[in-house]
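Chains as they are written, first to last, in the numbering used here: chain A, 1 to 233; chain B, 1 to 378.
So this is what it looks like as structure tokens:
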């Protein structure tokens, strides 16, 4: 399988001297197109820090991240922002939808940032709302939707620019068990493609069976990778 | 409109409570600023009404004169001396004083009386009724038809009154460019009749009005008059002198300035705080936008657009409200002095831009400091 993300020798620490604390320590791994990779571990194990580093949000102290041949941490701040906008889709734990905008406008934001014409952006946003099963909800404000529906709006926003890589941060943390499983199942069946890599940070054991591989983090280190599902598929 | 600004507008306008609070804050601040400064402008203009209405190029006066109203009579020989200055084309006396009138119905009313040079009638007002030659008739006066005209009992031509046991007759009505400051009606007559009817000190000339041969002669005229112990000012210099007196020596300017500053602080505190709260409430969303790929310049443009939109809308509403209030006030108080000038509008505009800039500065600082990483950690 072709590597979508290559992370080599990642280290991230906070503080200096005696107060230096490692959040991520000597982490090296690859994520592949067509796979759904989970990053799991207890609270404080470095999952979120690792997610931020590989998605171009938090600069590592040492190490490199390469996405389809581009060493992202060699890019300038503006170029990196542009890279994230075009190549990476984010689904945040709390969704972070603007309550004063309609769902379609929320979904269209990445397209607007790409300088797409308003009407075209809305059209594409409505299309992707259909894709995530929210047909007819385009004009509603997010607060009129259920938690699961808001999650779907966030997913539509993440995929609207057709990114290669999708980053999910605790996607089921705010959802009940069934809704959480339904969402991940939906992502697995409809969003994951052979040209897309999905990385999910979670500690929700109820959705582990949807993963292709599961990376276990402990104290900032990569404790192990389970490969069962990837090999099977 | 670029899509990002459209998003900015929707984020602002759809939060109706905060949008309304921002608009009310800015509108009220602009209203107060313009109202205060307009009132002051109106007072300053009226304080120079005699100078504006007479319109002479150069005014000769006692150096102690501070406003057009507090005249200090000049000796007659000064008129001859001024006329003898080589650069003077002509010079005429002007009387300006206050008289107590007894109107036809027995009511007493103070009035400002302007006595024009008998020969030239220089500085005469624009007549609305009657003929200018009638001012040479016996006991003749011309009444100015301004906001104070009704205090004369709205006289018609031929209406009579008493002035210091003299009979006065209205032979015409006229309009002038500026009404007086002190709420008194104004009468025009000839210089000689004015000094004959109104009790005076030894000297009777209030001002000497001078027309120089050329503008280049003005400095020389001013030097010659100064050498004689008097003061010659151009029309603009005299208006400035009067304005400066009201601004700096009456406390009026300081009070108006204070009120304007208070209005500014009021507007700044309301809109600044509301705008900052607006940014803080959306700070995580801004962080999410940053994570998605929005550049700092795009986030700044959102905040600046919102601040500018609110500032300009509030400015327009504030100016409109002030104009409406002045219009309504004049319906009930014809002598209401406020006048909106370009300087008032410019001053308020600068202040409202400052409010927007300061308000948005804190928002921009906050947004630029938010780390997308914090969004994941939330």
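We treat Cβ as the ideally placed atom computed from N, Cα and C, and that holds for glycine.
Chain-order list of chain A residues neighbouring residue 298(B): 113, by C-beta distance under 7 Å.
Listed in chain order, the non-local C-beta contacts of residue 115(A) below 8 Å within the same chain number zero, local neighbours out to five positions each way being set aside. Linking residue 344(B) to residue 338(B) through their CA atoms gives a straight-line distance of about 11 Å.
Under the Cβ criterion of 8 Å, residue 62(A) is not counted among the residues facing chain B. Residue 166(B) sits in a strand when the DSSP states are folded into three classes. Using a CB distance below 9 Å, the part of the region 3-37 of chain B facing chain A consists of 3, 4, 6, 7, 10, 11, 12, 13, 14 and 15, ordered along the chain. In terms of CA proximity to residue 7(B), 118(A) leads the group 118(A), 96(A) and 23(A).
Under the Cβ distance rule, residue 174(A) does not count among the residues neighbouring chain B, no pair being separated by less than 8 Å. Judged by DSSP secondary structure, residue 90(B) falls within the beta strand (DSSP E) whose first and last residues are 88-102. Contact residues of the region 306-323 of chain B toward chain A are absent (C-beta to C-beta distance below 9 Å). At a cut-off of 8 Å between C-beta atoms, residue 372(B) counts as an interface residue with respect to chain A.
Between residue 39(A) and residue 51(A) the beta-carbon gap is near 6 Å, inside 8 Å, which marks them as a contact. When the five nearest sequence neighbours on each side are left out, the beta carbons in the same chain lying within less than 6 Å of the beta carbon of residue 85(B) are those of 221 and 224, in order along the chain. Apart from sequence neighbours up to five positions away, the residues of its chain that approach residue 359(B) with a beta-carbon distance below 8 Å are 268, 271, 272, 275, 276 and 307, ordered along the chain. Scanning chain A for C-beta atoms nearer than 7 Å to the C-beta of residue 283(B) yields nothing, as the closest lies near 10 Å away.
Looking at the DSSP output, residue 275(B) sits in no beta bridge, so it has no partner there. At a cut-off of 8 Å between beta carbons, residue 363(B) makes no contact with chain A. No Cβ of chain B is located within less than 8 Å of the beta carbon of residue 13(A). Residues 216 of the same chain have their beta carbon placed closer than 7 Å to that of residue 224(A), with the five preceding and five following residues left out of the count. For residue 62(A), the uninterrupted beta strand (DSSP E) run begins and ends at 62-67, by DSSP. From the listed residues 181(A), 197(A), 222(A) and 22(A), the smallest Cα separation to residue 204(A) is found for 181(A). Classified as buried, residue 318(B) has 16 or more neighbouring CB atoms from the shown chains inside 10 Å of its CB.
Beyond the five residues adjoining it in sequence on each side, residue 364(B) comes within less than 6 Å, by CB distance, of 300 and 303 in the same chain, given in chain order.
The Cβ atoms of residue 212(B) and residue 111(B) do not sit closer than 8 Å to each other. Around residue 289(B), the beta-carbon contacts reaching into chain A at under 8 Å are 109 and 113. Annotation for residue 11(B): no beta strand (DSSP E) segment contains it, though the alpha helix (DSSP H) segment containing it runs 3-13. Taking one beta carbon from each stretch, the region 156-170 of chain B and the region 39-49 of chain B have fewer than 3 pairs nearer than 8 Å; the two do not touch. The region 73-112 of chain A is shown to contain whole alpha helix (DSSP H) runs of 4 or more residues at 77-87, in chain order.
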